[in-house]
Amino acid sequence: MTEKLNVIDEQGNILSEELREKIHREGFLHREVHVWLFNKKGEVLFQRRGIHKDTYPNLLDASAGGHVDIGEDYKSAVVRELNEEIGIEISPINLIFLGDYLSETYDEVTKNTNHALKEIYAYQFDGEIKDLKLAKGEVINLEFWSIERLSNLTEKERKEFCSTLLSKEYLSLFKKIKVIEESKSGGNAK
């Protein structure tokens, strides 16, 4: 099946529709979402992307995320992606908006450019990884990483992540999640 997505401008206005493959091949700006699950231990959940993904195969990425479909809003996309990728059903009212992020990255492996305007959300997850259902072919596994550890990765560890996740902007989002987590737990995170 050939998927089409909206091409947008930097203000998020829809300009046209194009095939997903062409959007990545040509580097057209499009809409994406990321959602970060966090727990009471001050950790965020990462998914390892499937080996056949068209961008960043086999690398650690957001807990869930993906493209915003034509006719869909950002929050609806988050709810859908959480369900599709890791089997969580939530209400959009439980999402915490962290911000938006304009990124343009080139993937050396696939030779594709991902140019996206992302809305980024957080969700407090009190369950365990073993209770989640991974989308076959989409997600290889899930891993919790402490926010402190993310600020002090070794060079070898850095190579395990999608490059955009280690930018200053993203690291500040992880710190924002830590503040949210601490406020919810009364400051008892370790």
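So in the working numbering the end of the sequence shown lands on 197, straight run, no missing numbers. Even for Gly, the Cβ is constructed at its ideal location relative to N, Cα and C.
Cβ-Cβ distances below 6 angstroms link T112 to N121, S170 and T171 in the same chain, with the five nearest sequence neighbours on each side left out; the list follows chain order. If the five residues before and after S192 are omitted, its C-beta is found closer than 8 angstroms to the C-beta atoms of K47, all from its own chain and listed in chain order. For N148, the CB contacts under 8 angstroms within the same chain, skipping 5 residues up- and downstream, are Q54, R55 and L141 in chain order. Our two residues, V51 and L44, have alpha carbons roughly 6 angstroms apart in a direct line. In the pairwise beta carbon analysis, the region 152 to 159 is classified as not touching the region 98 to 116: fewer than three pairs are separated by under 8 angstroms. In the assembly as shown, V75 is a buried residue. Its beta-carbon has 16 or more other beta-carbons within 10 Å. Counting only residues of its own chain and dropping the five nearest sequence neighbours on each side, I58 has a CB closer than 6 angstroms to the CB of P64 and N65. The closest CA to that of Y128, considering only E10, E39 and I30, is found on E39. Boundaries for E92: no beta strand (DSSP E) harbours it, while the alpha helix (DSSP H) harbouring it runs Y81 to I93, taken from the DSSP string.
Taking a 10 Å sphere around the C-beta of L12, we find 16 or more other C-beta atoms and assign the residue as buried.
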